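S.K.: Numbering (the numbering used here), first residue to last: 12 to 229. Virtual Cβ for every residue (Gly too), placed ideally from N, Cα, C. Keep in mind that this is a model prediction, so the values were computed, not measured.
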Ligand SMILES: *[C@@H]1O[C@H](CO)[C@@H](O)[C@H](O)[C@H]1NC(C)=O
Ligand SMILES: *[C@@H]1O[C@H](CO)[C@@H](O)[C@H](O)[C@H]1NC(C)=O
Ligand SMILES: *[C@@H]1O[C@H](CO)[C@@H](O)[C@H](O)[C@H]1NC(C)=O
């Protein structure tokens, strides 16, 4: 009788805890934790799928006066790591993860594999600019795999010096995207080019390490 009563109490307390705290995925928990958008368009009409940590380089070409990102091979080339579960359990790290990882990336001579230090994050895919210079996110390790071929919709200055702007990118509608609608680049660290380049360096490329959070939505 005692055992039956005990198991009845255990089941009913389990049920009540389930109804008080319905299961929410890490992405659902993070949807409301998105960093202040600093003037970027609202995210209330899209559903968060992943928060990816991107670590890599921003490439620029000297046009004779300034560093630009308009030539082939310019733009971002970054490894994407799945930070969704980690950040859902450690929300203060939303602000610090990219700058911490950028410091590790630089300390390991920009070796991406060894820069994936603690907390170890599972590789999710890559971010690069395709041959039409479209920012592309290939989440080949997502389940199911996802792709976003994007175009820039909005950009605001990063709140931190030396950091590339915060961005809002949406589906470029070129038939390549699969399962995603939009991405915000937030909490950027590093990646900005020097303010000018000498005309003698016209056509040369420079590569500046950066890290960022990519909040990916469908
Ligand atoms: C969501 O709404 C914002 C603000 O109205 C708009 O700028 C944005 O393009 C919409 N996003 C999508 C994916 O439709
Ligand atoms: C960008 O710079 C990196 C690092 O120097 C280099 O490996 C890469 O080939 C460059 N081009 C592209 C398209 O990323
Ligand atoms: C994404 O990456 C996977 C694995 O490398 C590859 O098979 C696939 O073709 C890529 N998709 C796109 C759109 O580039």
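Within 10 Å of its beta-carbon, does residue 131 have 16 or more other beta-carbons around it, so buried, or fewer, so exposed?
M.R.: Taking the chain shown and counting its residues from 1, the one referred to as residue 131 is at position 120. It counts as exposed.
S.K.: Quick one: grab the DSSP three-state call for residue 148.
M.R.: In the chain shown, the residue the question calls residue 148 occupies position 137. Note: residue 148 maps to strand in three-state DSSP.
S.K.: Give the secondary structure of residue 223 by DSSP, where H, G and I count as helix, E and B as strand, and everything else as coil.
M.R.: Within the chain shown, the letter at position 212 stands for residue 223. Strand, per DSSP.
S.K.: Residue 193: beta carbon under 8 Å from a heavy atom of ligand 1?
M.R.: On the chain shown, position 182 is the one that residue 193 refers to. Within the cutoff, so yes.
S.K.: Counting along the chain, where does the alpha helix (DSSP H) carrying residue 187 start and finish?
M.R.: For this step, residue 187 is matched to residue 176 along the chain shown. First-last for residue 187: undefined, no H or E at that position.
S.K.: Using only the heavy atoms of ligand 1, determine whether one of them is closer than 8 Å to the beta carbon of residue 245.
M.R.: Nothing can be reported for residue 245: it is not among the residues displayed for the chain, which extend from 12 to 229.
S.K.: Residue 62 and residue 127: beta carbons closer than 9 Å?
M.R.: Taking the chain shown and counting its residues from 1, the one referred to as residue 62 is at position 51. Taking the chain shown and counting its residues from 1, the one referred to as residue 127 is at position 116. No, these two residues do not count as a Cβ contact at 9 Å.
S.K.: For a test of the three-state rule: what should DSSP assign to residue 232, helix, strand or coil?
M.R.: Examination of residue 232 is not possible in this model, given that the chain is present from 12 through 229 alone.
S.K.: Let me know the secondary structure DSSP gives residue 121 once reduced to three states.
M.R.: Stepping through the chain shown from its first residue, residue 121 is reached at position 110. Coil, per DSSP.
S.K.: Tell whether a beta-carbon distance below 9 Å holds between residue 218 and residue 70.
M.R.: For this step, residue 218 is matched to residue 207 along the chain shown. For this step, residue 70 is matched to residue 59 along the chain shown. Yes. Within cutoff.
S.K.: Could you give the uninterrupted runs of the alpha helix (DSSP H) lying entirely in the stretch 35–118, keeping only those of 4 residues or more?
M.R.: List check, alpha helix (DSSP H) in window: 37–42, 95–100 and 104–118.
S.K.: Can you look up residue 174 in the DSSP assignment and give me helix, strand or coil?
M.R.: Position 163 of the chain shown, counted from the start, is the residue given in the question as residue 174. Looking at residue 174 - three-state DSSP - the assignment turns out to be strand.
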